[in-house]
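Contents: one structure, followed by commentary.
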Amino acid sequence: MNGRSILSMLAMLVMAAAGPGFISRAWGQGTRTEIHPVRSVTLSEQEFLTGATGGQPVVLAGELRLPRASARLPVVVLVHGSGGVGSNVIRWAEELNASGLGTFVLDHFSGRGIMQTATDQAQLAHVAMIADAYRALEFLARHPRVDPTRIAVMGFSKGGFAALYASLKRFQRLHAPAGLEFAAYVAFYPICIRTYIDDEQVSGHPIRVFHGAADDWLPVEACRDYVARLRRAGKDATLTEYPGAQHGFDTHTLPPALHLPNVQAGPTCRLEERPGGQMVFRDTGQPFGLDHPCVRRGATIGYDPQAHQVALKAVKDFLASTFNRP
C-alpha cells in the first residue's frame, strides 16, 4: 500500500473515530497494525506559546505498527511534513519495524480537512503539530504493548520542526502530559529560524538533526546555529549534514532533483519570540507575517540514495543505543 492510500484510509477512519476503539489488521509478516483515534486541539502559534488549551477540538488518526514481541516495545512517533503522510514516512516505518521497533504514524492533516500546507503554511501552525505529538505520547504511554519510557519522536520538514522543538522544557510544561517525555528527538531537515524564549532549556534526552547541505527549501544554516547554541549550553544535541543533499533526500520515490515553483520556502529572515507569544523579525522587531518578502516561493526536492542509506544506518544505530537494544 502506498502513501496516498494510507492517507486516504486514515482520513476515512478519522471521520468514523468517535469512539475509543481501534481497528486492527495484519501488515507484513510478524507485524500487527492498529489504527487509533488521537484527540487533540488546533492551536495558533500565539495560543500555543501562551499555554492556551482551548483550541478547536480535532480527532486525528494514527497508525500503530508493532512487531511481534513478548515484552513491551519501544515506539517511534513519525511526524510527517507539509505534504502529509508520504512515501518517506511509510518507508521509515517499514525500516524501523524490520529492526524490531514499533512505529506510530500520526496524520495531522486529514482530521482537519487539510491536504497539504506546502503552498500555504497558514493553514496549520508548526507548533500545533508539537501539541499533537504530545497527545500521541499520552495515548501510547497507556497502550499495553508499548514501553512508556521508550517512546521517541521523529519528524520530517514541518514535522522535523515539531520533533526538534518538542524537546523544549517550557513547551512540555505547557502542553505535554504530566510525568511523560519522549526518550529521543530526531529531526530531518527542520526549519530552525525561530528563537523562542528559553529555547536552550531542552530535555536531557538526546536530540539529533539530519539535514542536506544543499537544501534550498529550509536551508541548514539556522539549524547549525541552534544546535551550536544547545551544545554550548551542555545539551546532548548533534547536527549531521550530507553534502549535496537536498530537501527530502530520504524520499526514495523522488527524482534526483525536482523544482516546486509554488511552495512557500523557508524565510531567509530570523524570527524571535517576544512576551505574549508574538513572533517578530529579529532585526526590526516588527510582527512576522507570511506575506513578508523574505518568505520566498519555489524550492527543490530530490532523493539522494547515498545520504539516505547513511542516515538510515545512523538513525537505527542511534535508536538501538537509546533504547538499549543490541
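First residue of the sequence shown? That's 611 in the working numbering, and the numbers climb one at a time after it. From the three backbone atoms N, C-alpha and C, an ideal C-beta is built for every residue, glycine too. All figures in this text were calculated on a predicted structure; none of them were measured in a lab.
Run through DSSP, which three-state label would methionine 764 get?
-> strand
Any idea if aspartate 825 is buried or exposed, counting beta-carbon neighbours within 10 angstroms, 16 or more meaning buried?
-> buried
Compute the beta-carbon to beta-carbon distance between glutamate 644 and leucine 683, rounded to the nearest angstrom, for a pair I have assumed lies under 8 Å.
-> Not a contact, Cβ separation roughly 13 Å.
For phenylalanine 714 versus leucine 688, is the C-beta spacing smaller than 9 Å?
-> For phenylalanine 714 and leucine 688, yes; Cβs fall inside 9 Å.
Meets three-Cβ-pair contact criterion under 8 Å: the segment 803-823 and the segment 877-892 | yes
How about aspartate 860 and alanine 917: do their beta carbons lie closer than 9 Å?
-> yes
Secondary structure at glutamine 874, three-state DSSP: helix, strand or coil?
-> Under the three-state reduction of DSSP, glutamine 874 is assigned to strand.
Would you mind sorting glycine 899 into buried or exposed? The rule is 16 or more other CB atoms within 10 Å of its CB.
-> Classification of glycine 899: exposed, given that the 10 Å Cβ count is below 16.
Which listed residue (Tyr852, Gly854 and Gly814) has its alpha carbon closest to that of leucine 840 | Gly814
So, are the CB atoms of serine 692 and alanine 732 less than 9 Å apart?
-> no
For glutamine 731, which beta-bridge partners are listed by DSSP?
-> DSSP output for glutamine 731 lists no bridge partner at all.
Nearest-angstrom beta carbon gap, leucine 828 and tyrosine 852 [assumed within contact, 8 Å] = Contact between tyrosine 852 and leucine 828 is ruled out by a C-beta separation of about 14 Å, above the 8 Å threshold.
Secondary structure at threonine 863, three-state DSSP: helix, strand or coil?
-> coil
With a Cβ-Cβ cutoff of 9 Å, do threonine 652 and proline 677 count as a contact?
-> no
Cutoff 6 Å; reference tyrosine 744; Cβ partners in own chain excluding five residues on either side = His785 and Ala786
Using CA coordinates, which residue listed in Gly723, Val648, Leu849 and Tyr795 is at the minimum distance from valine 763?
-> Tyr795
From the DSSP output, read off the bridge partner residues of glycine 858.
-> Paired residue(s): none; glycine 858 is not in a bridge.
So the alpha helix (DSSP H) alanine 741 belongs to, where does it begin and stop?
-> The continuous alpha helix (DSSP H) containing alanine 741 extends over residues 736-751.
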